[in-house]
Amino acid sequence: MGDKEHYVHFSSASGAGCNNIVVQPLRHGHLNVNLGFLQIHHRYHVEFTVPWNTCVIHPEGNPAAPAMPTGEPNSNCRVIGFNQDRDDLRLKVELFVHTERFLKEEFQITCCEKGAPLTIYLNARIFGKDQGTPVLRNGIRSIGVEDDAEEDEEEDNSD
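Numbers in our numbering are just positions in the sequence shown, counted from 1, shifted up by 1099.
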């Protein structure tokens, strides 16, 4: 076996080398947002853009917000801001990474109470403790680290 057989090769069309958050449509009203690698027990601000049409239910010039969160509240993933740019909506989400290996969080937004919701799935691979520090994609910023309560209990019991 040659040395070249041990390397992973990406075609230029696969998006390798691009450090942006990837937004993919799944089916009508559902989007998949791939965040790359994150670290467990960290809190992040995540900013990304999704396709968004102007609300047809409200007349133009309505001072109402361009979108509103709907559905069940999620303490690990919450929308903290949004701005409309032409045909896109720029979302800012606060995300807490609470599981190891793979994270999948879901939230919904809509243009108004009568509008159909857009379901957004945030996906990320998670580094556990002492597994390294991930390179964050563009639009992701670490804002803090939470203490691991289970780890603190184990340290107290070992004394």
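From the three backbone atoms N, C-alpha and C, an ideal C-beta is built for every residue, glycine too.
Quick check: the Cα distance between residue i and residue j, rounded to an integer number of angstroms?
{"i": "T1198", "j": "G1227", "result": "9 Å"}
{"i": "E1293", "j": "H1144", "result": "What is shown of the chain runs 1100 to 1258, which leaves residue 1293 out entirely."}
{"i": "K1213", "j": "V1196", "result": "32 Å"}
{"i": "L1202", "j": "R1185", "result": "31 Å"}
{"i": "Q1123", "j": "E1245", "result": "30 Å"}
{"i": "L1130", "j": "N1173", "result": "17 Å"}
{"i": "V1107", "j": "H1140", "result": "At V1107, the pLDDT of 43 sits below 50, so the modelled position is not reliable; the number obtained from the coordinates is stated separately. Between V1107 and H1140, the C-alpha separation is close to 30 Å."}
{"i": "P1165", "j": "T1232", "result": "36 Å"}
{"i": "K1191", "j": "C1211", "result": "18 Å"}
{"i": "C1176", "j": "E1146", "result": "13 Å"}
{"i": "P1216", "j": "E1171", "result": "12 Å"}
{"i": "Y1220", "j": "V1178", "result": "13 Å"}
{"i": "L1125", "j": "V1132", "result": "10 Å"}
Considering only their Cβ atoms, is the gap separating residue j from residue i smaller than 9 Å?
{"i": "T1218", "j": "Q1207", "result": "yes"}
{"i": "I1242", "j": "L1137", "result": "no"}
{"i": "I1120", "j": "R1224", "result": "no"}
By alpha-carbon positions, which one of the options ends up nearest to residue i?
{"i": "R1200", "options": "N1222, A1166 and P1165", "result": "N1222"}
{"i": "Q1183", "options": "P1150, H1140 and P1172", "result": "P1150"}
{"i": "R1189", "options": "R1224, C1211, E1171 and N1152", "result": "N1152"}
{"i": "T1169", "options": "R1236, P1233, H1141 and T1209", "result": "T1209"}
{"i": "M1167", "options": "G1180, C1176, S1174 and N1175", "result": "G1180"}
{"i": "D1187", "options": "A1215, T1148, V1132 and N1133", "result": "T1148"}
Buried or exposed: where does residue i fall if 16 or more other Cβ atoms within 10 Å of its Cβ makes it buried?
{"i": "C1117", "result": "exposed"}
{"i": "H1127", "result": "exposed"}
{"i": "V1234", "result": "exposed"}
{"i": "L1194", "result": "buried"}
{"i": "P1162", "result": "Confidence at P1162 is low in this model, with a pLDDT of 49, below 50, so the placement of that residue should be treated as unreliable; the coordinate-derived value is given next. Under this definition P1162 is an exposed residue."}
{"i": "L1134", "result": "buried"}
From the DSSP output, which residues share a beta bridge with residue i?
{"i": "P1168", "result": "I1208"}
{"i": "R1142", "result": "F1195 and G1243"}
{"i": "I1219", "result": "L1130 and F1206"}
{"i": "P1150", "result": "D1187"}
{"i": "L1137", "result": "I1225"}
{"i": "N1119", "result": "N1237"}
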